[in-house]
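Report on the following structure.
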Amino acid sequence: MRRRQVLAITSVTTVGGVAYWHSGQNTDELDQEGQEQRVADSERNHTGSEPATQDGTGNETERDDENSVLEDSEGMLVFTYDDSPLEDYTLAYEVHQEYGVPGCTAACPGLMEERDAYLDPAQLREMQDDGWGVLSHTYRHRALGHIELTEPAREGDDHLYATVNRHGAVEGDPLTISDDKIQTTATVAGRGNDSSGEYIELESPLTETVGSSGVVRYSESFMHEILERTNNQLESWGLDVTGFVYPYGRYNGLAEDIVREHYPAVANHGYGGHNELVGLDPTTMHRMYVETDKASKDEIDAFMETAAEKTVLAIVGGHSQYNTLTADRIRYTIETALENDLEIVTIDEALTELERLSTQNPS
1 MRRRQVLAIT
11 SVTTVGGVAY
21 WHSGQNTDEL
31 DQEGQEQRVA
41 DSERNHTGSE
51 PATQDGTGNE
61 TERDDENSVL
71 EDSEGMLVFT
81 YDDSPLEDYT
91 LAYEVHQEYG
101 VPGCTAACPG
111 LMEERDAYLD
121 PAQLREMQDD
131 GWGVLSHTYR
141 HRALGHIELT
151 EPAREGDDHL
161 YATVNRHGAV
171 EGDPLTISDD
181 KIQTTATVAG
191 RGNDSSGEYI
201 ELESPLTETV
211 GSSGVVRYSE
221 SFMHEILERT
231 NNQLESWGLD
241 VTGFVYPYGR
251 YNGLAEDIVR
261 EHYPAVANHG
271 YGGHNELVGL
281 DPTTMHRMYV
291 ETDKASKDEI
301 DAFMETAAEK
311 TVLAIVGGHS
321 QYNTLTADRI
331 RYTIETALEN
341 DLEIVTIDEA
351 LTELERLSTQ
361 NPS
């Protein structure tokens, strides 16, 4: 995977209506299932955002100082589409082609390999060759962030009760359960729910007790394995992975540090969608959902107006396989952005532009 330098942005200057970002320092950043997507909606904020706390060859586009992305625009906007369903090609990509603007697909290569309802690698390569960005969404849509326990996990228990049982989706997955005093491990045997709530079934009883303030997550080595496998598979298909989207918006805990080791940018680290450029950490960017059940037209209008008025990088997202993200809604969102003179770019193009401007205008 091509690695990028991530900017530590420290100041902004506006010249002739164009915002310029100044970098105090360049820092090198190291290189589940589909049917659950609807359930994940309940974890989103009602405002339609994430849960809170290339050119045509796929090569980096070269721009000279006279051809800034922002030269004739009021700011930048990134479109992201999650899960890599077939509709990313048959719906989202087709609508974006009408306007000649790119988007980004957050891909799950395991689902692409196994299910007809997901993109074929050749389709995603075609999209990338036409200027789309490719982001990682884990191999099989696993929730990387930790999830809170709802009851103590006692020694001898073979079930863990958690707010949601995401981590029980795949048998054999290795888990870490911990509170501020104890850390223990377990292996997934399944999941379910009963009168006490959702639970994760374990292969063997726990050997230690973790209090109700504890959390469950995948093991550190397994999270690295998931991301490496995702990147390797996408890259083997000729795709350039330029960022990450957290499945279910769950980024809490150790997952944040691990993701930073693998990706230069994250699109959904929280609610909102307007990312202030001063002090911007590209691995903690926020986005807004634009599906019809998550945002009204008036809210989209206001979002784009603010993105044009303020010095921000704006990000929106959606799921093209949902009937709440129609062709008309995608068109409306694109048209509203263009009416507000926002340049629609990929995440990689946005970071490239920030890097270019910081080099052109050093602090």
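With the working numbering as the guide, the letters of the sequence shown map in order to residues 1 to 363.
Quick reminder that beta carbons are idealized off the backbone N, C-alpha and C, glycines included.
Residues that DSSP places opposite residue i in a beta bridge
i    : result
T80  : C104 and G317
H274 : A314
S178 : Q183 and V215
Y251 : None, per the DSSP bridge assignment.
Y99  : DSSP output for Y99 lists no bridge partner at all.
Distance between residue j and residue i (C-alpha atoms, nearest Å)
i    : j    : result
Q123 : V101 : 17 angstroms
V389 : D130 : Residue 389 lies beyond the residue range present for the chain, which begins at 1 and ends at 363; the question has no answer from this structure.
T336 : T105 : 21 angstroms
L206 : S213 : 17 angstroms
S373 : L338 : What the structure shows of the chain is the stretch from 1 to 363, and residue 373 is not part of that stretch, so it cannot be assessed.
H146 : N275 : 24 angstroms
E228 : L351 : 22 angstroms
E113 : V316 : 27 angstroms
G238 : Q128 : 10 angstroms
E74  : E256 : 31 angstroms
A327 : D88  : 11 angstroms
R329 : V290 : 8 angstroms
G156 : H137 : 35 angstroms
D209 : R154 : One point to set straight first is that residue 209 is Thr, not Asp, in the sequence displayed. One C-alpha to the other measures close to 4 angstroms.
Y99  : A265 : 25 angstroms
R250 : E299 : 24 angstroms
Simplified DSSP state of residue i, which is helix, strand or coil
i    : result
G238 : coil
T185 : strand
L91  : helix
L86  : coil
V266 : strand
G75  : strand
L357 : helix
In chain order, which beta strand (DSSP E) runs of at least 3 residues are fully inside the region 120–163? 133–136 and 159–161
Entirely within the region 276–352 and at least 4 residues each: give me those alpha helix (DSSP H) ranges in chain order. 297–309 and 327–339
Uninterrupted beta strand (DSSP E) stretches inside the region 191–245 (no shorter than 3 residues): 197–202, 215–218 and 241–244
Report yes or no: do three or more beta-carbon pairs, one from the region 223–235 and one from the region 191–201, lie closer than 8 angstroms? no
Taking contact to mean 3 or more Cβ pairs, one atom from each stretch, closer than 8 angstroms, check whether the region 326–333 and the region 281–295 are in contact. yes
Pairs of beta-carbons, one from the region 306–321 and one from the region 342–351, closer than 8 angstroms: are there three or more? yes
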